[in-house]
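Numbering (the working numbering), first residue to last: -3 to 395. We treat Cβ as the ideally placed atom computed from N, Cα and C, and that holds for glycine. None of these values were measured; they are calculated from a predicted model. Structure first, commentary second.
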Amino acid sequence: MDVKERAAVRRPRAGQALTGWLTRPLASFHLVLALTGILGLFGAVMVLSASSVSSYDPSTGGGQYDMFFKHLTYLVLGSGVFWLGLRLPLRKIRGLASKAMAVALGMLVLVLTPLGSAGGGAQRWFVIAGQSVQPIEFAKLALVLWGAHVLVAKEHLLHRWRHLLVPVVPVTLLMFALVMAQPNLSGTITLGVVMLGLLWFAGIPAGLFAALVSGAAAGFTVLALSADYRLGRVLTFLSDSPGPDSGAYQTTQALYALADGGAFGRGLGQGSANWGYLPGVANDFIFALVGEELGFVGCIAVIALYAGVAIVGTRIARRALDPWIRLVAGTLTLLVVAQAAINIGYVVGLLPVTGVTLPLISYGGSSLLVTLGMLGILANCARHEPGAPDHPGVTRSRG
């Protein structure tokens, strides 16, 4: 047998081995763990590279690793949140959904009072022990859990469009109003993604779903044009050659950084964007630093990781026997991947800048904690796939 014949035999065997592994009861569970771990560790490396210069400030005593250590602290705490989402019985998580929604609405109201902290023309945070907490992050997860609970509880009535939309849509619109009062358009957009995801996975008729998408697009367009600074972002995005002096400084510098990276990048820690040329490089624009230091190959690898999350999450939702698990797994997957797509889209100039962070990779606080909690619940859902509960590798309480 020559080399070509051996290679032809080897390829089917490799394909059969992969197919066989994917049919194992805990394949999706292990894939969620692996993807979460890789993205989390990669994010820590990129935050270190992005912040090592800007963190150093002799006038305040700030060391070059201060920001990185804070991120690492959030990552460790987030690992605990991931473990909690993984270990809590899904029955208990569903039972807490209504209380979580009540708490989330309360937080969205309280952040608008003197208890909230203002900055940059917005009032979106609570400051607790010197650390900022954004209630919108918890509101996203609460809406997923509560919305799925309501839709499943009314499953036998969902053929009537009024029962399909009420109360999920009115409550989401209330959250829209509270979030826009901060104001926070990016948070409103992600809440809209959650609402549409819940209705889609609940089996909404195509015509009604198209009408809702059209209405949401029109609403977000009006909101985007209703404030001067948001209108400026849209006009800058639509401009043929905005240039660095037209309000598009970050976008322009991000594109320069991506172009400088070429195919394989300049190497970790060798980028110029982290020397103050690109504001927010550790937060909203960290993907630009990935492109500069790791090149086109690094960008494709990051996109492939999020594509893996999309594929695995969709597989978990599709294989779920419990309708609540199907809605939660599908919507959580959509939320994480949509946020990644929006962030990457505006960094590369395909979308207007909105301020959505890159999940698990951007410098984290409450966003990192909640994202890890979401993926912990997704991994928990994977352990309820057919055959998985009886697998010897799964030890969990029933429910």
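CB-CB length for residue i against residue j, believed under 8 Å
i, j, result
"residue 39", "residue 356", "5 Å"
"residue 64", "residue 47", "6 Å"
"residue 34", "residue 227", "Actually they do not touch by this definition, with Cβ atoms about 39 Å apart."
"residue 143", "residue 175", "Their Cβ separation, rounded to whole angstroms, is 16 Å, which puts residue 143 and residue 175 out of contact at 8 Å."
"residue 133", "residue 362", "4 Å"
"residue 378", "residue 25", "4 Å"
"residue 146", "residue 122", "About 27 Å; that fails the 8 Å criterion."
"residue 21", "residue 383", "4 Å"
"residue 180", "residue 90", "With a Cβ gap of about 28 Å, residue 180 and residue 90 do not count as contacting."
"residue 369", "residue 137", "6 Å"
"residue 173", "residue 135", "12 Å between Cβ atoms; not a contact."
"residue 198", "residue 160", "7 Å"
"residue 285", "residue 267", "5 Å"
"residue 36", "residue 71", "6 Å"
"residue 219", "residue 184", "7 Å"
"residue 171", "residue 194", "No, residue 171 and residue 194 are not in contact; Cβ-Cβ is about 13 Å, not under 8 Å."
"residue 343", "residue 229", "Residue 343 to residue 229, Cβ: 14 Å. No contact."
Counterpart residues of residue i in DSSP-defined beta bridges
i, result
"residue 121", "113"
"residue 129", "122"
Inter-residue spacing [alpha-carbon to alpha-carbon] between residue i and residue j
i, j, result
"residue 380", "residue 334", "24 Å"
"residue 92", "residue 203", "33 Å"
"residue 241", "residue 247", "Low per-residue confidence applies at residue 241: pLDDT is 47, beneath 50, and the placement is therefore not dependable enough to give any value."
"residue 279", "residue 258", "22 Å"
"residue 231", "residue 87", "48 Å"
"residue 274", "residue 281", "8 Å"
"residue 178", "residue 213", "21 Å"
"residue 293", "residue 31", "18 Å"
"residue 262", "residue 345", "21 Å"
"residue 141", "residue 167", "13 Å"
"residue 216", "residue 209", "10 Å"
"residue 62", "residue 69", "11 Å"
"residue 124", "residue 94", "25 Å"
"residue 339", "residue 354", "6 Å"
"residue 104", "residue 367", "19 Å"
"residue 79", "residue 97", "21 Å"
"residue 196", "residue 169", "17 Å"
"residue 316", "residue 77", "23 Å"
"residue 129", "residue 336", "21 Å"
"residue 298", "residue 59", "29 Å"
"residue 396", "residue 296", "In the structure as shown, the chain begins at -3 and stops at 395. Residue 396 is therefore absent and cannot be evaluated."
"residue 112", "residue 223", "22 Å"
"residue 75", "residue 83", "12 Å"
"residue 233", "residue 153", "44 Å"
"residue 245", "residue 283", "16 Å"
"residue 102", "residue 115", "21 Å"
"residue 109", "residue 131", "13 Å"
"residue 192", "residue 260", "38 Å"
"residue 155", "residue 225", "42 Å"
Cβ-based neighbour list, residue i, same chain, cut-off 7 Å, excluding 5 preceding and 5 following
i, result
"residue 374", "28, 309, 312, 325, 328 and 329"
"residue 351", "182 and 280"
"residue 398", "The displayed coordinates of the chain run from -3 to 395. Any statement about residue 398 would go beyond what the structure contains."
"residue 189", "330, 331 and 334"
"residue 319", "148 and 151"
"residue 67", "40, 43, 359 and 360"
"residue 118", "178, 179 and 180"
"residue 81", "369, 372, 373 and 376"
"residue 162", "none"
"residue 205", "195 and 196"
"residue 314", "none"
Other residues of its chain near residue i: CB distance less than 8 Å, five sequence neighbours each side excluded
i, result
"residue 264", "41, 45, 289 and 290"
"residue 201", "157"
"residue 211", "none"
Residue i Cβ short of 8 Å to the ligand GTP heavy atom set
i, result
"residue 151", "The ligand GTP is absent from the structure shown, which contains no ligands of any kind."
Contact set for residue i: own chain, Cβ-Cβ below 6 Å, skip 5 residues either direction
i, result
"residue 347", "341"
"residue 139", "190"
"residue 277", "46, 269, 270 and 285"
"residue 256", "288"
Below-9 Å beta-carbon distance, residue i vs any chain D residue
i, result
"residue 125", "Given the protein chain composition of this structure (a single chain), no chain D is represented."
> Contact between the region 250 to 259 and the region 321 to 339: three or more CB pairs below 8 Å?
Replying inline: Too few Cβ pairs lie closer than 8 Å, so no.
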